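K.L.:
Residues 0 to 272 in numbering that gives the first Met the number 0 are what the sequence shown spells out, letter by letter. Virtual Cβ for every residue (Gly too), placed ideally from N, Cα, C. Since the structure is predicted, the reported quantities are computational estimates derived from the model, not experimental observations. Pasting a structure below so you can have a look.
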Amino acid sequence: MELAKGANTTVPSRAVRVSLASTLPVDVVDLFALELGARRRVRDDGDLVFYNQRRSADGCLWLVDDRCVRITLGELPDVVESVVVAASLDDAWTGAFADDAGLRVRIDAAGGSAWDGPGLDGPFTVRHEVTVEGAERCVVLVELYRREGGWKVRAVSQGWTAGTAALLTEHGVHVEEDPVPAASAPPAPVPARPGPVPPAPAGPPARPAGGGRRPPEGPAGRRPRPGPAFRCRRPAPRRRPPRPGASRRPGSSRPIPGEPAVAGEPTRTTPRP
Numbered sequence: 000m001e002l003a004k005g006a007n008t009t010v011p012s013r014a015v016r017v018s019l020a021s022t023l024p025v026d027v028v029d030l031f032a033l034e035l036g037a038r039r040r041v042r043d044d045g046d047l048v049f050y051n052q053r054r055s056a057d058g059c060l061w062l063v064d065d066r067c068v069r070i071t072l073g074e075l076p077d078v079v080e081s082v083v084v085a086a087s088l089d090d091a092w093t094g095a096f097a098d099d100a101g102l103r104v105r106i107d108a109a110g111g112s113a114w115d116g117p118g119l120d121g122p123f124t125v126r127h128e129v130t131v132e133g134a135e136r137c138v139v140l141v142e143l144y145r146r147e148g149g150w151k152v153r154a155v156s157q158g159w160t161a162g163t164a165a166l167l168t169e170h171g172v173h174v175e176e177d178p179v180p181a182a183s184a185p186p187a188p189v190p191a192r193p194g195p196v197p198p199a200p201a202g203p204p205a206r207p208a209g210g211g212r213r214p215p216e217g218p219a220g221r222r223p224r225p226g227p228a229f230r231c232r233r234p235a236p237r238r239r240p241p242r243p244g245a246s247r248r249p250g251s252s253r254p255i256p257g258e259p260a261v262a263g264e265p266t267r268t269t270p271r272p
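Here you go:
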């Protein structure tokens with residue numbers, strides 16, 4: 000049976016194999032499949048099969064090789080409402096799927112064993128010629144979905160210009176992109192080596208104008224050690240919180256005239272210098 004784009008038919012088999020035929024090199028086309036729930040999203044990353052993860056977490060999807068995926072429809076959990084099969088091009092390949100005139104997909108009834116493939120004239124065989132226009136490098140091939148207690152297959156042939164990462168992200172798959180290496184900073188210039196320090200003039204240094212004192216000299220042959228480059232502040236004294244009924248001026252420990260002093264605290268009689 001040949002399915003046109005958008006057409007669908009019933010799948011009588013409990014297990015199928017979806018195969019992709021292409022004129023492009025084998026290592027250029029990557030086949031992958033997704034188990035989707037009611038919101039058309041995966042439950043987690045275990046619902047995806049691709050070249051680095053060839054079996055789904057529930058074991059119902061199995062990527063047999065780079066261009067064939069086996070789907071055990073009869074064992075899929077009830078929460079899985081559809082299975083999307085798609086293909087993408089390797090990043091090193093500069094072309095698009097529109098350049099592949101022999102792009103075709105085939106759905107066959109699979110045998111009882113995981114290794115049994117379909118025959119040339121199996122009990123169920125559906126073919127679809129994939130039609131992609133433009134520069135799409137990712138395409139949804141077919142979709143298998145539940146309908147009235149059984150399964151059906153629809154020919155999709157929908158290209159994704161945004162790429163594979165956008166398709167997976169929209170369906171809830173966590174995609175980790177390779178970090179972009181940061182640009183290396185230019186090497187810091189090497190400071191020029193200082194020249195020799197000229198010898199100090201002989202004799203004691205001249206007294207500065209105004210009669211100031213001469214700075215103290217350190218041990219013979221050594222300069223005085225310079226002082227610290229910062230100054231430490233004294234911590235502010237802790238103030239006892241005012242008792243109930245006593246009113247004070249902000250920032251002052253002196254009682255307000257006309258009010259009794261708080262017991263236990265000295266009264267300042269002289270202003271601070």
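(1) In angstroms, rounded to a whole number, what distance separates the CA positions of Glu142 and Gly101?
(2) Return the CA-CA distance between Leu75 and Lys151, expressed in angstroms with no decimal places.
(3) Could you name the residues of the same chain whose beta carbon sits closer than 6 Å to that of Glu216, not counting the 5 residues immediately before and after it, in chain order?
(4) Per the DSSP calculation, Leu88 is bridged to which residue(s)?
(5) Quick one: using the 10 Å Cβ neighbour count with 16 as the cut-off for buried, is Gly220 buried or exposed?
(6) Quick one: give me the first and last residue of the beta strand (DSSP E) that Asp128 is part of.
(7) Is it the case that the segment 39-50 contacts the segment 121-136, given that we only count it when at least three CB pairs across the two stretches are under 8 Å?
(8) Using a threshold of 7 Å, state whether the C-beta atoms of Val28 and Val68 are closer than that.
(9) Measure the C-alpha to C-alpha separation of Leu140 and Arg66 and round it to an integer number of angstroms.
(10) Under 7 Å between the Cβ atoms of Leu166 and Val174?
(11) As a quick exercise: from Arg146, Asp89, Pro24 and Arg103, pick the residue whose alpha carbon is nearest that of Cys137.
(12) Using beta-carbon positions only, say whether Ala32 and Val78 come within less than 7 Å of one another.
(13) Can you tell me the Cα-Cα spacing of Phe96 and Pro11, whole angstroms?
(14) Is the CB-CB distance between Leu19 and Leu30 below 7 Å?
(15) So, with DSSP's three-state summary, where would you put Ala154?
(16) When you compare the CB positions of Ile70 and Val104, do they come within less than 7 Å of one another, or not?
(17) Could you pull the DSSP bridge partners for Asp64 from this structure?
(18) Output the distance between the C-alpha atoms of Ala108 and Thr9, rounded to the nearest integer angstrom.
(19) What would DSSP say about Leu143, mapped onto helix, strand or coil?
P.N.:
To lay it out plainly:
(1) By one-based count along the sequence shown, residue 142 stands at place 143. By one-based count along the sequence shown, residue 101 stands at place 102. Their Cα atoms are separated by approximately 20 Å.
(2) On the sequence shown, position 76 is the one that residue 75 refers to. On the sequence shown, position 152 is the one that residue 151 refers to. Near 14 Å, if we compare the C-alpha coordinates of Lys151 and Leu75.
(3) By 1-based counting over the sequence shown, the position of residue 216 is 217. Bear in mind that the predicted position of Glu216 carries a pLDDT of just 45, short of 50, making it unreliable; the figure below should be weighed with that in mind. Nothing meets the Cβ criterion.
(4) The residue you call residue 88 lines up with position 89 of the sequence shown. Paired residue(s): Val28.
(5) Your numbering for residue 220 matches position 221 in the sequence shown. Its pLDDT being 42, under 50, Gly220 is placed unreliably in this model, and the value from its coordinates should be taken loosely. By the C-beta density criterion, Gly220 is exposed, having fewer than 16 other C-beta atoms within 10 angstroms.
(6) Here residue 128 corresponds to residue number 129 of the sequence shown, with the count starting at 1. Note that residue 128 is Glu in the sequence shown, not Asp. Where Glu128 is concerned, the enclosing beta strand (DSSP E) stretches over Thr124 to Glu128.
(7) Judged by Cβ distances under 8 Å, the segment 121-136 makes no contact with the segment 39-50, as fewer than three pairs qualify.
(8) Counting from one through the sequence shown, the residue named residue 28 turns up at place 29. Counting from one through the sequence shown, the residue named residue 68 turns up at place 69. No, they are not a contact pair.
(9) Counting from 1 along the sequence shown, the entry for residue 140 is found at position 141. Counting from 1 along the sequence shown, the entry for residue 66 is found at position 67. Computed Cα separation, rounded: 12 Å.
(10) Numbered from its first residue, the sequence shown carries residue 166 at position 167. Numbered from its first residue, the sequence shown carries residue 174 at position 175. No, the Cβ-Cβ distance between Leu166 and Val174 is not below 7 Å.
(11) The residue given as residue 137 occupies position 138 in the sequence shown. The shortest C-alpha separation from Cys137 is found at Asp89.
(12) Translated into the one-based positions of the sequence shown, residue 32 becomes position 33. Translated into the one-based positions of the sequence shown, residue 78 becomes position 79. Against a cut-off of 7 Å, the Cβ pair of Val78 and Ala32 comes out as no contact.
(13) On the sequence shown, residue 96 is found 97 positions in, with the first residue counted as 1. On the sequence shown, residue 11 is found 12 positions in, with the first residue counted as 1. Cα to Cα, the separation comes out at about 31 Å.
(14) Stepping through the sequence shown from its first residue, residue 19 is reached at position 20. Stepping through the sequence shown from its first residue, residue 30 is reached at position 31. The beta carbons of Leu19 and Leu30 sit closer together than 7 Å.
(15) As a working mapping, residue 154 is identified with position 155 in the sequence shown. In the three-state scheme derived from DSSP, where H, G and I count as helix and E and B as strand, Ala154 is classed as strand.
(16) On the sequence shown, residue 70 is found 71 positions in, with the first residue counted as 1. On the sequence shown, residue 104 is found 105 positions in, with the first residue counted as 1. Not closer than 7 Å, so no.
(17) Position 65 of the sequence shown, counting from 1, holds the residue named residue 64. In DSSP, Asp64 forms a bridge with Cys67.
(18) Taking the sequence shown and counting its residues from 1, one reaches residue 108 at position 109. Taking the sequence shown and counting its residues from 1, one reaches residue 9 at position 10. Straight through space, the alpha carbons of Thr9 and Ala108 are spaced by roughly 12 Å.
(19) Taking the first residue of the sequence shown as 1, we reach residue 143 at position 144. Three-state result, Leu143: strand.
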